[in-house]
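Chains as they are written, first to last, in the working numbering: chain A, 14 to 244; chain B, 72 to 286; chain C, 9 to 390. Shown next, in C-alpha cells, is the structure this report addresses.
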Amino acid sequence: MNPNDQAPQATSAASLLKTLGLVSALCGIIIVGAYQGTYESAAANRRLALERTIFRIVPAAKTMSEWQATAQGIRPAGGEAGGKVGAGAIKFYAAYAADGSLAGIAVEGAATGYADVVRILYGYSPDCQCINGIGVVAMKETPGIGDKIITDKAFLANFVALDVKLDRELAKLANEVKVVKHGSKTDAWQIDAISGATVTSRAVGKAINDSAQALLPKLLPNIEQLRNKKS
Amino acid sequence: MKDLSQAKNFDEFLEGIWRQNPVFVMVLGMCPALAVTVSAVNALAMGFATTFVLVCSCLLVSLMRKLVPKEVRIATYIVIIATFVTVVDYIIQAVSLELYEALGAFIQLIVVNCIILGRAEAHASKHPPLTAITNALGMGIGFTIGLFALGGVREILGAGKFFGVSLFGANFQPWVVMVLPPGGFFVLGAWLLLFAVIRRRKEVRLSTSGGGHVA
Amino acid sequence: MRTSVEIRSAPHIKRPRSVEQIMRNVVLSLLPVCTFFVYQYGISAAALILVVTGACLLSERLFVRLGGQAGDLSDYSATITGVLLGLTLPPGFPLWMGLVAGFAAIALGKALFGGIGFNVFNPALVGRAFVQAAFPAAIATYTPSFLPGRFMEFIPSSLAWPLMAPADNTAWLKGMPLDAWTGATPLAKWKFEGTLTAVGDLLTSLSGHLAVGPSPALILLCGAYLALRRFMDWRIPTAVLGSAGLTAWLIYAIGGAKYPDPFFTLFSGGLILGAVYMATDMATSPVTPRGMWLYGILIGVLTVMIRYYGGLPEGVMYAILIANATTPLIEQITQPTPFGKGASLRAGRAASYTLHPDYISREEAAAKTSKKRFFKNKPKKP
C-alpha cells in the first residue's frame, strides 16, 4: 500500500523511462481525443461569435465572407473564419444583405488601452467612405470607466459617420483619425473622447487609424470585386 | 464493516467541504479564487473545471500509484494534471466561448493550482481509487463552494445581479471596487473573518463544556 | 470591579495631557471648519457629517466589543475620523454611501490593525479611498456652494435610497439662478478644461458658487491654534505645504503655462485640510523630528506629482496614504542619537523616543493593553 514500504533500492533507468513513456502516451491519447471531440463545436462557436459581432455593427447584413487584402489586391480567404492570415495580408470581412448586395465591411483593429490591448471590430461603408459602427472583441479595461466605450451614447455617436476618406492618390487617409478631448470635436474625422476614459478612447482611435491606414488603400481600388460577388 | 467503510468514505468527502476547505481553511488556490470570481457563473465554471481536473487526475494517479517510481512521481503527476487541464480547456471552448473569454488564462493556470498537485501527492498516491475520488470530489466541491461564496457576493454588490438576474432594479448603484481585484481581497477577508469567528466560538464552547465535565 | 493599572513609559509627565485631551481639542478646532462647511452647503452637508460620524462611532463600538480592542468611544478618535471623512466627501454625496464610508474607515482603517494607536493608515482616508474605488462617479459629483434655499432642502443626490444610484443633480440645478455652472471642482476644471480659478477666491471659498471645501484660510487658522497649544506638530504641515509649493513652483518655472501657478496648487482641493488634519494624525506619522520633515516632504512632492501627472485631479489622499505606509521606515532611519552616545555607539537603539516632553510617546495609547508595537527595539550587544 504505502510507497514507503517498497525496498529502498535505486530504480533502474529503463523502468523510469518506461513509466514516463507510458504516462506520456496515455496522456497524449486523451488530449488528442478531447481535441478531436470538441474541435467542430469550438470552431462553430467561434464563427458564431464573430458573426454576431459583425451583424451587430453592420445591421443590414445577413451573410458574410472572409477576405484578405495584400499588396496585389484582395482575394477571398480560404478555409474557416478566424483562420491564419498570410504574411503581409490584412484580414477583413465583407457583409452582404439578404438580396446579395454589399452591406458593409467589417475590419478588426487593436491598440493598447489602459489595462491591456483593446481589440475592436469596426464597420466600414464604401458608399460614404466612413466608419459606421464599432464593436469590442476583447478588452480588460476598468469596469465602469474604460468599458464605457461600449455603452457611452455620446462616444458611440462618433461612429455614426466617422470620415476615413482616402487622399487623391488613394495611398493614405486624407485626414488621420484623431481622438480629441471631450467636447472639442470639430471635424468628421475626429473622435470625441469620453471624459475620464481618455486612454481607452485614444486606444480605439489608434486602432481604427492604424488599421484603416493599412487596409483601405488596398481595399478601395478593388471594391468592385466585392460588390460583384454574390454570396 | 460495510457501514464503517461508508462512514469513512463520507468523512473523506466532507474533509474538503468543511474541515479542510481549500479556500477558507487551507487558503490554497488563491490565484483563481481572487481573479475570476467577479460573478457567480464564472465562479461556478471555474470551480467545476477545477473539480473535473482534480477528480480525473486523482483517479489516474491513484490507479498508477504502484506503477510510478517515486523518483519521477512529480513529473508524472504534472503531466497527468496538464492533460486534464488541456481537456477542460477544449471542453469550455466547445461549450461557451463567452465563458472561455471571461475565465481567460486562468483555465490554463489550473495546471499550477496547488490544490491539485497537493491532493495527488498527499492523498491520491497513497489511497485506492474510490477513496481518492471521494476525497478529490469533496475538495473540488469545497473549492467550488468557496469560489461561489466569493463570486456571489461580488456579483451582488458589484453589479446588483445574481446569475445575471437583476436583483435591485435598473437604478442600482454598482460598487465598482467589488469587480476590481481589491474587491476580491475584501470579500475573501470578510469570509475568513466570519469563519474565524465561528471557529473561535466553537472552541470556546468546547473548552468550557469540557472543563465542566472534568469538574 | 477591576481597576486598570496604567503602565506608561518614561518620560512621566506631570502635566495633565492625555490622548482624550488632545483628541477633544482637535474636535473643538474642527467645529469652526464644520460650521463653515454647513454654511456653504446647507443641511445636506450637516446631514452628511452627522451620518458619517455616526457610522464611525457605531462601527467603533461594534469592533471594540467584538475584538476586545483598546480604546472606547469617549476618546474622540472615532469622532475625528468621522468628521474629517465627512469634510472630504462632496456635500451631495448620498447618505447611504456615507454610511459605507464610515464603516470602511473604522473596519478597514482601524479595527483591522487592532484599534486605536495600532493603525498604519489614516482611517478617514482609508474610508475615502474605499468609496473612491467603489463609487467613482458619486465622489466626483460636486454641487455649487451658497445655493439659495440650501438650509431648507437637501441636494437631491443626498437622499438616494440605500444601494440605489443617486439622482442626477443637473435638472435640479437648472432651476437655480446660476449662470454657466459646469459641476466640477477648481482642480477638475484645471485638469480637464484648462481653466484656473483666482487664488484669492480659493483662499476664502466665499466668492461665487465655487465647488470647494471649507476655506483654506480658516483651516490654517484652526491648525495654528492646535500647533500653538502643541496638540499638533507644526513641522508636518510646514513640510507638506512647503515642499508642495516648492515642487509646484519648480515645475511652473520650468514647464511654464502648461502648469498652474504654485498658489493655485496650494489652496485648491484638499491639500490644506490634508496637511493640517490628516497628515498630522499621531498614530500614522513619525515621532522623530527629522522623520516628520521627511514624511511631510514626501507627502508634498507626491501630491504635486499625482495631480500633475496622474489620471485623477486630486492626489492628497493617495500621497498621505503612501507616506503613512513609509512611516515605520522613516522612524527607523531617523532615530536620534541619545545623549552621551556618540556615532561610534550607534547600537543604543533602545532609546527610541525623543526626550522632549511635548511629544506624547505612542506607547501611551497602548498602555492599557500592554501590547507591543511591531518594531521591537531590542538593544544589540556591543
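The beta-carbon is built from N, C-alpha and C at its ideal position, and this holds for glycine as well. Note that the structure is predicted; figures quoted are calculated from it, not measured.
Interface annotation for the stretch 75-97 of chain B against chain C: empty, criterion Cβ-Cβ distance under 7 Å. Taking the Cβ atoms as the reference, C/Ser-223 lies roughly 5 Å from C/Thr-212, within the contact range of under 8 Å. Judged by their CB atoms, B/Ser-128 and B/Ile-162 are not nearer to each other than the 8 Å cut-off. For C/Ser-153, there is no enclosing alpha helix (DSSP H), as DSSP gives it neither H nor E. Think of a sphere of 8 Å around the beta carbon of A/Ala-62: the chain B residues whose beta carbon falls inside it are Leu-168, Glu-169, in chain order. For C/Phe-44, the uninterrupted alpha helix (DSSP H) run begins and ends at 27-49, by DSSP. Only buried fits B/Gln-164, as 16 or more other CB atoms lie within 10 angstroms of its CB. When secondary structure is reduced to three states using DSSP, C/Phe-162 falls in the coil class, being assigned neither helix nor strand. Leaving aside the five residues that flank C/Glu-161 on each side, none in its chain has a CB nearer than 6 Å to its CB.
Residue pairing by DSSP places B/Lys-197 in no beta bridge whatsoever. For C/Gly-110, the enclosing alpha helix (DSSP H) starts and ends at 103-117. In terms of beta-carbon proximity, A/Tyr-48 lines the interface with chain B, with at least one pair separated by less than 8 Å. Nearest CB-CB separation between A/Ile-158 and chain C: below the 8 Å threshold. Cβ proximity to chain C below 7 Å picks out Phe-239, Asn-242, Phe-243, Gln-244, Trp-246, Val-247 from the stretch 223-247 of chain B.
Taken in chain order, the whole alpha helix (DSSP H) runs of length 4 or more contained in the stretch 108-157 of chain B are 111-134. With three or more CB-CB distances shorter than 8 Å, the stretch 99-113 of chain A counts as touching the stretch 70-90 of chain A. As the crow flies, the alpha-carbon of B/Pro-252 is around 11 Å from that of B/Pro-103.
According to the DSSP assignment, C/Leu-81 belongs to no alpha helix (DSSP H), since it is labelled neither H nor E. For C/Val-134, the enclosing alpha helix (DSSP H) has its first and last residue at 131-142. Contact note: C/Ala-265 does not reach chain B at a C-beta cutoff of 8 Å; the least C-beta distance is about 35 Å. Going by DSSP, A/Pro-89 is part of the beta strand (DSSP E) stretching over 86-89. Only those residues of the stretch 194-223 of chain A whose C-beta falls short of 7 Å from the nearest C-beta of chain C are listed: Ser-208. Not flagged as an interface residue toward chain B: C/Pro-98, since no C-beta distance is shorter than 8 Å. In the three-state reduction of the DSSP assignment, B/Arg-272 falls in the helix class. By DSSP's assignment, A/Gly-117 forms a beta bridge with A/Ala-108.
Secondary-structure assignment with DSSP links A/Met-77 through a beta bridge to A/Ala-108. Looking at the DSSP output, A/Tyr-137 bridges to A/Ile-118, A/Ile-144. With at least 16 other beta carbons inside 10 angstroms of its own, C/Lys-118 counts as buried. Fewer than three Cβ pairs drawn from the stretch 130-145 of chain B and the stretch 218-237 of chain B lie within less than 8 Å of each other, which leaves the two stretches out of contact. Less than 8 Å divides the Cβ of C/Ile-227 from the Cβ of C/Val-284. The beta carbons of B/Glu-86 and B/Asn-184 sit about 18 Å from each other, so the pair does not count as a contact at 8 Å. Residues of the stretch 161-190 of chain C with a Cβ closer than 9 Å to any Cβ of chain B, in chain order: Ala-168, Trp-169, Leu-171, Met-172, Ala-173, Pro-174. A/Ile-44: member of the alpha helix (DSSP H) spanning 26-70, first to last residue. Excluding five sequence positions before and after C/Trp-257, the CB atoms of its chain that fall closer than 7 Å to its own CB belong to Pro-270, given in chain order. Ranked by Cα distance from B/Phe-243, the first of C/Leu-218, C/Ala-146, C/Lys-266, C/Phe-154 is C/Ala-146. Annotation: the continuous alpha helix (DSSP H) that includes C/Val-248 extends over 243-263.
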